[in-house]
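*Asks:*
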Amino acid sequence: MTYPDRDPRAVHRPTEALHPVQEPVREPLREPVREPVREEVVERGDSRVRAVRVVCAVIDVICWLFAIVLAVHIFLVIAGANASNGFAQMIESWSAGVSLGLRGLFTPANDGLRTLLNDGLAAVLWLIIGAVLTNLITRVALPAGERRVWYRRTVR
């Protein structure tokens, strides 16, 4: 009688003399199988929610654009850019339009410091205006569950 679990090259002895000893079957230690983490983005298909998000994004972009124009104007004045250059004139006219009437608020003798204070304050105010407007719009137009979190992350 042959045993299939034994090595066929081993020396075979008569099977009557030996009684096979059954060893307990040990399974190798295995770590539990971990499923990969799946993330889902759950968004509502509500067109009102989408419209409010688009409006808030447009407001944010416009306010940041105004603040960047004012910051570029501050940089050009402090760096001493050529005032007759076309780009410098364009930035000067745009920044005059979005300065919120704060161009003459501070009047130090140094032109760079005056621009930094007046246009810097206007840039900060544009960022605050954008944040307040988007906050108010989302509070008024969105339901309570949709205000702060635009997506829900679930881990399974």
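Numbered by this note's numbering, the letters in the sequence shown go through residues 1268 to 1423 in order.
A virtual CB, placed ideally from N, CA and C, is assigned to each residue, including glycine.
Quick caveat: nothing in here was measured; it's all calculated off a predicted structure.
Which term fits L1343, buried or exposed, when burial requires 16 or more other beta carbons within 10 angstroms of its beta carbon?
*Replies:* With 16 or more other Cβ atoms within 10 Å, it is buried.
*Asks:* What is the DSSP secondary structure of W1417, counted as helix, strand or coil?
*Replies:* Because the pLDDT of W1417 is 46, which lies under 50, any placement of that residue in the model is unreliable, and the number read from its coordinates should be weighed accordingly. Coil, per DSSP.
*Asks:* If you run the structure through DSSP and keep just helix, strand and coil, what is E1302?
*Replies:* In the structure shown, E1302 sits in coil (DSSP, three-state: anything other than H, G, I, E or B).
*Asks:* Which term fits F1354, buried or exposed, when burial requires 16 or more other beta carbons within 10 angstroms of its beta carbon?
*Replies:* Classification of F1354: exposed, given that the 10 Å Cβ count is below 16.
*Asks:* Going residue by residue through the segment 1300 to 1366, where are the continuous alpha helix (DSSP H) segments of at least 4 residues, counting only ones entirely within it?
*Replies:* Whole alpha helix (DSSP H) segments, 4+ residues: 1314 to 1346 and 1353 to 1364.
*Asks:* I think N1385 touches L1369, with their Cβ atoms under 8 angstroms apart; what is that distance to the nearest whole Å?
*Replies:* Correct: roughly 5 angstroms between the Cβ atoms.
*Asks:* Give the range of the alpha helix (DSSP H) segment to which A1389 is assigned.
*Replies:* Residues D1378 to A1408.
*Asks:* Any idea if I1341 is buried or exposed, counting beta-carbon neighbours within 10 angstroms, 16 or more meaning buried?
*Replies:* It is buried - the Cβ of I1341 has at least 16 other Cβ atoms within 10 Å.
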